[in-house]
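Visitor: One structure follows; several queries about it will come next.
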Amino acid sequence: MWKYLQLCQTLKALYYTQEEIITLLKKAGLEAGDFNLTGRGIVVWVGIITRLEQLDNIKQLVQAALEDFPKNPVLLATMADHPQANAGVYNGREIDWKDGPVSKKTLEKITGEKSTLLPVSFMEKGIIKARAVARIETSDSLGTGFLISKDNLFLTNNHVLHSREESGLSKVQFNYQKTNTGALAIFEEFEVDNTVFETSVADDWSIVKIKGNPAEKYGFLKLTETKTRKDDFVNIIQHPGGEDKKIGIYHNIVTYADDNIVQYLTDTMPGSSGAPVFDSDWNVVALHHSGGWIKEPGAPTEALRNEGINITKIIHQLTTLGFEL
Numbered sequence: 001m002w003k004y005l006q007l008c009q010t011l012k013a014l015y016y017t018q019e020e021i022i023t024l025l026k027k028a029g030l031e032a033g034d035f036n037l038t039g040r041g042i043v044v045w046v047g048i049i050t051r052l053e054q055l056d057n058i059k060q061l062v063q064a065a066l067e068d069f070p071k072n073p074v075l076l077a078t079m080a081d082h083p084q085a086n087a088g089v090y091n092g093r094e095i096d097w098k099d100g101p102v103s104k105k106t107l108e109k110i111t112g113e114k115s116t117l118l119p120v121s122f123m124e125k126g127i128i129k130a131r132a133v134a135r136i137e138t139s140d141s142l143g144t145g146f147l148i149s150k151d152n153l154f155l156t157n158n159h160v161l162h163s164r165e166e167s168g169l170s171k172v173q174f175n176y177q178k179t180n181t182g183a184l185a186i187f188e189e190f191e192v193d194n195t196v197f198e199t200s201v202a203d204d205w206s207i208v209k210i211k212g213n214p215a216e217k218y219g220f221l222k223l224t225e226t227k228t229r230k231d232d233f234v235n236i237i238q239h240p241g242g243e244d245k246k247i248g249i250y251h252n253i254v255t256y257a258d259d260n261i262v263q264y265l266t267d268t269m270p271g272s273s274g275a276p277v278f279d280s281d282w283n284v285v286a287l288h289h290s291g292g293w294i295k296e297p298g299a300p301t302e303a304l305r306n307e308g309i310n311i312t313k314i315i316h317q318l319t320t321l322g323f324e325l
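The numbering of the sequence shown is UniProt numbering, which starts it at 1 and goes up by one.
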């Protein structure tokens, strides 16, 4: 893997409009006209970083970005000549990791304190739930989202669908997954009806309506108020890196939960943003929105950590806005 790929993905998340990119280039003392700024976001950033790598000038840009995001671990690692090849998702916000470093006791829970035996019906239920999860293709990025009502309401992150205009240009693909032979299944693509659009920048969610009636065929995830606790297990159905649908499954343990957020250990990638986080009964407990390799408080090394918005908080906001769930 190219050592600067995760830097490109991180910069794309931090600076995803052309105006923001130009502002950063100017701050770094670089001429925007020296770079091709047309095309999908990740393509633009790969072009910029490839050119700067040839000029041995990447740090000049990264230093300017650090003025905006001084704690971003990918930027810091690049400045330290250790660019990360395994960074997770960055939506422009730093995770405030709660509860200190993950303890030995917590790791023991993952590796064997609790039984891993599950009924076969667990997988059957998961496969049914997975049908409502879809891949989102915007004008410059990829993400995940899911149907939440029979009326084809669809939930994802604000940083995936950040405006009504962006939503209208986006496509949603159901059944974008591999078959049991390893081949890509036949998927179905729908347009977004952006006459329905509400969003929260603070809590990083957006809701739209999907044209047609995909809920009739693929079902939807009924949202109910839940109480998530530390040491609960969670599972994430997602499109990591915009790839075919995957399940991040046991053992993914909750390390912190309050009324606003849920933090957990699991594998995600850019493209996982907007994925549903489930408990062991396949209830949605959070909307995944951020993660990556971060420095835990009191810990000497970086570790992969993730965070979602508590679904109960989102339910309250949606019902206040008049949505029937």
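We put the beta carbon where it would ideally sit given N, CA and C, even for glycine.
Which same chain residues, not among the five before or five after leucine 161, have their C-beta less than 6 Å away from its C-beta?
Guide: Taking the sequence shown and counting its residues from 1, one reaches residue 161 at position 161. These residues qualify, in order along the chain: Ser167, Ser206.
Visitor: Taking its Cβ as the centre, do 16 or more other Cβ atoms sit within 10 Å of aspartate 204, making it buried, or is it exposed?
Guide: Position 204 of the sequence shown, counted from the first residue, corresponds to residue 204. Its Cβ being crowded by 16 or more others within 10 Å, aspartate 204 is buried.
Visitor: Give a yes or no on contact between the stretch 119 to 132 and the stretch 215 to 227, applying the rule of three or more CB pairs nearer than 8 Å.
Guide: Yes: at least three Cβ pairs fall under 8 Å.
Visitor: Taking a contact to mean a Cβ-Cβ separation below 8 Å, would you say isoleucine 236 touches alanine 275 in this structure?
Guide: As a working mapping, residue 236 is identified with position 236 in the sequence shown. As a working mapping, residue 275 is identified with position 275 in the sequence shown. Yes; because the gap between Cβ atoms is below 8 Å, this pair is in contact.
Visitor: Could you spell out where the beta strand (DSSP E) holding aspartate 279 opens and where it closes?
Guide: Within the sequence shown, residue 279 is the residue found at index 279, counting from 1. Taken as a continuous stretch (DSSP letters only), aspartate 279 belongs to no beta strand (DSSP E), as it is neither H nor E.
Visitor: Out of Leu5, Glu20, Gly41, which has the shortest C-alpha to C-alpha gap to isoleucine 58?
Guide: Stepping through the sequence shown from its first residue, residue 58 is reached at position 58. Nearest C-alpha to isoleucine 58: Leu5.
Visitor: In chain order, what residues of the same chain have a beta carbon less than 6 Å from the beta carbon of phenylalanine 197, not counting five sequence neighbours either side?
Guide: On the sequence shown, residue 197 is found 197 positions in, with the first residue counted as 1. Within the same chain, phenylalanine 197 has close Cβ partners Arg164, Ser167, Val208.
Visitor: Name the residue from Leu325, Lys3, Gln60, Val284 whose alpha carbon lies nearest to the alpha carbon of lysine 125.
Guide: Position 125 of the sequence shown, counted from the start, is the residue given in the question as residue 125. Checking every option, the nearest Cα to that of lysine 125 belongs to Val284.
Visitor: For alanine 183 and glutamate 31, what's the separation of their Cα atoms in angstroms?
Guide: Residue numbering aside, residue 183 sits at position 183 when the sequence shown is read from its first letter. Residue numbering aside, residue 31 sits at position 31 when the sequence shown is read from its first letter. Roughly 45 Å separates the two Cα atoms.
Visitor: Expressed to the nearest angstrom, what Euclidean distance is found between the alpha-carbon atoms of threonine 226 and serine 280?
Guide: Residue numbering aside, residue 226 sits at position 226 when the sequence shown is read from its first letter. Residue numbering aside, residue 280 sits at position 280 when the sequence shown is read from its first letter. So the two alpha carbons sit approximately 12 Å from each other.
Visitor: Valine 89 by DSSP, collapsed to three states: which one?
Guide: The sequence position of residue 89 within the sequence shown is 89, counting from 1. At valine 89 the pLDDT is 40, less than 50, meaning the model places this residue with poor confidence; the figure from the coordinates comes in the next sentence. Here valine 89 sits in coil by DSSP.
Visitor: Grab me the residues of alanine 28's own chain with a C-beta within less than 6 Å of its C-beta, minus the 5 sequence neighbours each way, in chain order.
Guide: The sequence position of residue 28 within the sequence shown is 28, counting from 1. Around alanine 28: Gln60, Leu61, Ala64.
Visitor: Helix, strand or coil: how does DSSP classify serine 163 here?
Guide: Taking the sequence shown and counting its residues from 1, the one referred to as residue 163 is at position 163. Reduced to three states, the DSSP call for serine 163 is coil.
Visitor: What residue from Asn158, Phe154, Trp282, Ile49 has the CA that sits closest to phenylalanine 323's CA?
Guide: Locating residue 323 in the sequence shown gives position 323, counting from the first residue. Looking at the Cα atoms, Phe154 is the closest of the given residues.
Visitor: Can you look up lysine 104 in the DSSP assignment and give me helix, strand or coil?
Guide: Reading the sequence shown from its first residue, position 104 is the one you call residue 104. Reliability fails at lysine 104, whose pLDDT of 46 lies under 50, so the model's placement of it is uncertain and no value is given.
Visitor: Among the candidates Val262, Leu7, Thr195, Ser273, whose CA atom is the shortest distance from the CA of threonine 228?
Guide: Mapped onto the sequence shown, residue 228 falls at position 228. Residue Val262 is the option with its Cα nearest to threonine 228.
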